[in-house]
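Visitor:
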Amino acid sequence: MKKEKAAPKAEKKEKTAPETEEKAPETEEQPVEEKKEPTAEEKLQEALDAEKDKYIRLYAEYDNYRKRTSAEKLQIYDDAKADAVKELLPLADSMTNALAQFEGKDVPEEFGKGIALIAQQLKQSFEKLKVEPFGEVGDAFDPALHNAVSTVEDENLPENAISAVYQKGYKIGDKIIRHAMVVVANS
1304 MKKEKAAPKA EKKEKTAPET EEKAPETEEQ PVEEKKEPTA EEKLQEALDA
1354 EKDKYIRLYA EYDNYRKRTS AEKLQIYDDA KADAVKELLP LADSMTNALA
1404 QFEGKDVPEE FGKGIALIAQ QLKQSFEKLK VEPFGEVGDA FDPALHNAVS
1454 TVEDENLPEN AISAVYQKGY KIGDKIIRHA MVVVANS
C-alpha cells in the first residue's frame, strides 16, 4: 500500500511541474534569476566612467566661468573708460567753441596757437582711447546716434540730413558715450 500511495504523489508532481513551467514565464521571478552580478572589473569601470564624467563637467564649468569673468573684466574696463571720457567731453566742447570764436577775429597769435595746441592734444588722446566723434553737417540722420532738437526746411540738403550740430556725439566702438544734438533738415 505504501507503493500505491507513492505512485499517485509522483503523478501529481508530474502534473504540477508542467503547469509551473507554463506559468513561470509570466511571473517576475525568472528575470531576477537570470540577472548576473557585475564583476569587480565592471564595477571599477563604471566608477571610473562616473568620475571621468564629473571631471569633464567640472572642467567645462570652469572654462565657462573663466570666459565669463574675462568678458566681465573687459566690460568693466570699457565702462570705466567711457565714464572717464564722458567727463572730458565738456572740455572738448569748450575747445571747439574757443577755436570757433578765434576765427576771423583779431586775437593775439599766442592765444590762438595755445588753444589749437590743447585741442590737438585732446584729439590725440581721444584717438589713443579709440574715441570717435560723429555728427557732422550733411550726414544722414540716425535716431540711434543723433538727438534731433528741431527740424528745418532746407533746399540745399537732402531729406533727413543734418543741417546744424549743437553738440557733437562721441562713441567708443559701438558704445555711444554721448548722442549728437542736431537739427534735421527736410524731415
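Just so we're aligned, residue 1304 is where the sequence shown starts under the working numbering, counting upward by one.
Heads up, the beta-carbon is just placed ideally off N, CA and C, and yes, glycines get one too.
Bear in mind that the values here come from a model prediction, so they are computed numbers and not experimental data.
DSSP three-state call for Asn1450: helix, strand or coil?
Guide: Counted from its first residue, the sequence shown places residue 1450 at position 147. Asn1450 falls in the strand class under three-state DSSP.
Visitor: Where does Arg1481 land, buried or exposed, given buried means 16+ other C-beta within 10 angstroms?
Guide: Taking the first residue of the sequence shown as position 1, residue 1481 is located at position 178. The residue is buried, with at least 16 neighbouring Cβ atoms inside 10 Å.
Visitor: Could you compute how far the alpha carbon of Lys1376 sits from the alpha carbon of Tyr1365?
Guide: Along the sequence shown, read from residue 1 onward, the residue named residue 1376 stands at position 73. Along the sequence shown, read from residue 1 onward, the residue named residue 1365 stands at position 62. Their Cα atoms are separated by approximately 16 Å.
Visitor: So is Val1434 buried or exposed if we call it buried at 16+ other beta carbons inside 10 Å?
Guide: Counting from one through the sequence shown, the residue named residue 1434 turns up at place 131. Buried: at least 16 other Cβ atoms inside 10 Å.
Visitor: Checking 8 Å against the spacing of the C-beta atoms, do Tyr1469 and Val1455 come in under that value?
Guide: By one-based count along the sequence shown, residue 1469 stands at place 166. By one-based count along the sequence shown, residue 1455 stands at place 152. Contact: no.
Visitor: Secondary structure at Val1468, three-state DSSP: helix, strand or coil?
Guide: Stepping through the sequence shown from its first residue, residue 1468 is reached at position 165. Reduced to three states, the DSSP call for Val1468 is strand.
Visitor: For the alpha helix (DSSP H) containing Glu1435, name the first residue and the last one.
Guide: One-based indexing of the sequence shown puts residue 1435 at position 132. No alpha helix (DSSP H) holds Glu1435; the beta strand (DSSP E) holding it covers 1434–1437.
Visitor: Please classify Lys1326: does DSSP put it in a helix, a strand, or coil?
Guide: Taking the sequence shown and counting its residues from 1, the one referred to as residue 1326 is at position 23. The pLDDT assigned to Lys1326 is 49, lower than 50, so where the model puts this residue is not dependable; a value taken from the coordinates is nonetheless given after this. When DSSP states are grouped into helix, strand and coil, Lys1326 belongs to the helix group.
Visitor: I need the DSSP call for Val1388, collapsed to helix, strand or coil.
Guide: Walking along the sequence shown from the start, residue 1388 turns up at place 85. The answer is helix: DSSP assigns Val1388 an H, G or I state.
Visitor: Report yes if the C-beta distance between Ala1443 and Leu1460 is below 8 Å; otherwise report no.
Guide: The count along the sequence shown starts at 1 and reaches residue 1443 at position 140. The count along the sequence shown starts at 1 and reaches residue 1460 at position 157. The answer is no: Cβ separation not under 8 Å.
Visitor: I need the straight-line Cα distance from Ser1387 to Tyr1380, nearest angstrom please.
Guide: Mapped onto the sequence shown, residue 1387 falls at position 84. Mapped onto the sequence shown, residue 1380 falls at position 77. Strictly speaking, residue 1387 in this sequence is Ala, with Ser absent from that position. Cα-Cα distance, rounded: 11 Å.
Visitor: For the alpha helix (DSSP H) that contains Lys1426, what are its first and last residues?
Guide: Counting from 1 along the sequence shown, the entry for residue 1426 is found at position 123. Looking at the DSSP string, the run of the alpha helix (DSSP H) that includes Lys1426 is 1412–1431.
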